[in-house]
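Here our numbering is used: the first residue of the sequence shown is 333, the next is one more, and so on. Beta carbons: idealized from backbone N, C-alpha and C, even for Gly. These numbers were taken from a predicted model, which means no experiment stands behind them. Some notes on the structure that comes next.
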Amino acid sequence: MTSKYEAKDIVVLEGLDAVRLRPGMYIGTTGPKGFHHILWEIVDNAIDEISSGFGSTITITLNTDGSATVEDDGRGIPVDIHPTMKKSGVEVVYTTLHAGGKFNTSNYKFSGGLHGVGASVTNALSEWCDVTVSRNGKVYNMRFESLEGPDGKVHGGQVVKPLSEVGKSKTTGTKVTFLPDERIFGKQQFSFEAISKRARELAFLNKNLKIKVIDNISSSEETFHFEGGIADFAKYLVEGKTKLYDQPIYIEKEDDDFKMELALIYTDSYTESCFSYVNNIPTTEGGTHETGAKSAITKVFNDYARSSGFLKEKEANFLGEDFREGMTIVLSVKMNNVQFEGQTKTKLGNPEARVKVESLAVKGFQEFLANKKSSSVVNVILEKARGAAKTREAARRAKELSRAKNSADNFNLVGKLAASSSKNREKAELFIVEGDSAGGSAKQGRDRSFQAILPLRGKPLNAEKKRIDQVLGNEEIRTIISALETGIGEDFDISSLRYNKVIILSDADQDGAHIRAILLTFFYRYMRELINDGHVFIGLPPLYKVYKKGYEEYVYSDAELPAATAKAGKGYMIQRYKGLGEMNPDQLFETTMDPEKRTLIQVTIDDAAEAEKMVVTLMGDDIEARKDYISKHANFDRVDAFLNEYKS
Ligand code: 2B7
């Protein structure tokens, strides 16, 4: 094709040129996230088609040449000539930015670039893109390529084969294959695991959707279809916990151009989990829709408790937080003109969403309560709330106690915590170190002007299994809380944080991983903002030292060892570090603590549902589920599903 491609053939698709010029503006990054983003743009179109009632199945295939194919059984993208654009529907969709707007959106209730920027961006950033449509009893095909023009520049998404009829068909649908352009993304591959994870989520969120992922490179295949939709999602999230009743309360309601689905289940745990979505996009930071759902729960269940006589006249109403103890809720809304806010733009801002969700949810819960069969479930929920209200009182007392105790214990704590001398919070770092001996080395080796050390003697308490009063009763945890100076839970105040970086330093073994998981669980449950704002890190100690006379190099993973020994040449020796405690203070500083040389892993939660699943499974009581999870995810270090960003 390239040879036949002449200057006169170049169409300057200004939009697409802009996409290639600044891909980051359209897909955020050209890293793995952006690489997968261009796949999801195509899948989103297929989901919109199926969600509006046409077709049922999407197949995503990862091909051996590095390309991906997406296929749906919807109506097929229109092939007739678009009246104002004077191009076929297929060409409009694949060469016009924001083509959604140019299409008659009355076809789709909640559509048109809800997810971003559309298939044309994928086309612009692909080496080639091949679109096949089955429609009107015929099969049509069209092909695009990104080609270098006589101007020496690569122009994305050029039509190299106009839309033409290539066969007959009794079915309808769209099939798109594209190869992400190496000139944009470098050498990358699609991740079957990441794609399956999101496909599962999409199947939970769209119960009429069946989604199949085929990896022709590893010969793996997964199919996701959940007839129960987000009710199944809620059950999946609490697997391994003890449910207080079997089937989630499920509400599905629509009002004009607003759709809401809600699933609510309770477990015997003490934590609250809410997973909310807008147009299939996770709203990790919550927002107005979550607020609306929570108000509805508080209102409806309090009213019921009152009118049924569960709450006596002299008793006060339950608080919202009483109903949220042990609650797992999945909330999915579909709406137009979404406004995202918050630090990571994952918080829904639309005020009308609060109103709509609250009124739809109130209606749904009232219908549920009106059903006689619901009475046992309602009772369990009210009893749980009563327990929570009692604990709340107990916790308030324990908190006061612990405040008093903290000041009384400060003497004691100061003895453990080696504070930094400077008060500069921006620069200050707190190392939470496993074990007294490593703690001792860290204290000696540190740069005391800005590095503080908190050695942990035993294992801190597993916060996943305890209520707040017990958590606060644990000495290790209390020490951490008082060192950070932020307070905890509802009282948490990030502006009081004493250290900009909180660095967990544990051994590179099972025990160390467990301690790390316990600490992360505690931060996740009680100081989530600390993680969300990027203050939590994992320090990476070396596994080996490769050395000989006058030469030494530290090695941080098994994978790097062969290269390091090769580099050292003949006569080298290897020291394997079994724990932090084996390093002397200077070594520990040099390898693990020195900002100039160390590797820190920043803890992030970019997939809240996955983090929740992991915390519940790894820290919960179901031993079988835990074993299964660990074996599926290769090793215990998958605690590191939390950990994806590498920073030094
Ligand atoms: C807003 C644009 C992008 N579109 C249609 C119709 C069906 C249809 C699509 C699609 C990806 C890979 C397999 C509407 C909508 C364009 O207009 S996009 N199916 N599937 C898709 O892209 N899958 C449509 C009205 C009547 N007939 C067809």
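Item                                                                                                                                                                              : Value
I'd like to know if the segment 801 to 813 and the segment 837 to 845 are in contact, where contact means that at least 3 CB-CB pairs between them fall below 8 Å.                : no
Helix or strand or just coil, what does DSSP make of Y858?                                                                                                                        : helix
Does at least one heavy atom of the ligand 2B7 sit under 7 Å from the Cβ of D404?                                                                                                 : yes
Here's the rule I'm using: 16 or more other beta-carbon atoms within 10 Å means buried, otherwise exposed. How should I549 be labelled?                                           : exposed
Skipping 5 residues on each side, what residues in its chain have a beta carbon closer than 6 Å to that of V471?                                                                  : V498, G499 and S501
Applying the 10 Å Cβ sphere with the 16-neighbour rule, what's the burial state of L353?                                                                                          : exposed
Should Q783 be labelled buried (16 or more other beta-carbon atoms within 10 Å of its own) or exposed?                                                                            : buried
Would you say the beta carbon of G469 is closer than 7 Å to some non-hydrogen atom of the ligand 2B7?                                                                             : no
Could you tell me the alpha carbon to alpha carbon distance between F921 and L749, rounded to whole angstroms?                                                                    : 17 Å
Can you name, in chain order, every residue of its own chain whose Cβ lies under 8 Å from the Cβ of N756, other than the five neighbours on each side?                            : F782
Using 7 Å as the cut-off, classify the Cβ of N612 as near or not near the heavy atoms of the ligand 2B7, replying yes or no.                                                      : no
Report yes if the C-beta of P410 is less than 7 Å from at least one heavy atom of the ligand 2B7; otherwise report no.                                                            : yes
Tell me which residue opens and which closes the beta strand (DSSP E) that Q490 is part of.                                                                                       : V486 to K500
Going by DSSP, what residue range makes up the alpha helix (DSSP H) through N540?                                                                                                 : Careful: N540 lies outside any alpha helix (DSSP H) and carries neither H nor E.
What does M946 pair with, by DSSP beta-bridge criteria?                                                                                                                           : Bridge partners of M946: none, in fact.
Could you check which residue in T427, E861 and A566 has the C-alpha nearest to that of F607?                                                                                     : A566
Okay, do the segment 571 to 591 and the segment 629 to 638 touch, 3+ Cβ pairs below 8 Å being the bar?                                                                            : no
CB of V351 to nearest heavy atom of the ligand 2B7: below 7 Å?                                                                                                                    : no
Kindly list the residues whose CB is nearer than 7 Å to the CB of D741, restricted to its own chain and excluding five residues on each side of it in sequence; keep chain order. : Confidence at D741 is low in this model, with a pLDDT of 45, below 50, so the placement of that residue should be treated as unreliable; the coordinate-derived value is given next. Result list for D741: empty, nothing under 7 Å.
Can you tell me where the alpha helix (DSSP H) with I370 in it begins and where it stops?                                                                                         : P364 to S383
For the segment 806 to 820 and the segment 872 to 882, state whether three or more C-beta atom pairs, one from each stretch, are separated by less than 8 Å.                      : no
Could you have a look at S528 and say whether DSSP puts it in helix, strand or coil?                                                                                              : helix
What residue range does the beta strand (DSSP E) around N474 cover?                                                                                                               : One point to set straight first is that residue 474 is Met, not Asn, in the sequence displayed. Segment K470 to E480, the beta strand (DSSP E) holding M474.
What are the residues that DSSP puts in a beta bridge with R908?                                                                                                                  : Y876
Relative to the C-alpha of I785, which candidate in S769, M905, K902 and E796 has its C-alpha closest?                                                                            : S769
I'd like to confirm the pairing. Which residues does DSSP put opposite D547 in its beta bridges?                                                                                  : L394 and S552
How big is the Cα-Cα spacing for V449 and E373?                                                                                                                                   : For V449, the predicted structure reports a pLDDT of 49, less than 50, and the residue's modelled location is therefore unreliable. The matter cannot be settled from this model.
Name the one or two DSSP bridge partners that S605 has.                                                                                                                           : T660
Which residue marks the beginning of the alpha helix (DSSP H) containing E699, and which one marks its end?                                                                       : P683 to A702
Which residues bound the alpha helix (DSSP H) around M357?                                                                                                                        : P355 to I359
Can you give the Cα-Cα distance for F650 and E725, rounded to whole angstroms?                                                                                                    : 12 Å
Confirm the yes/no value for this check: CB of I374, any heavy atom of the ligand 2B7, distance under 7 Å.                                                                        : yes
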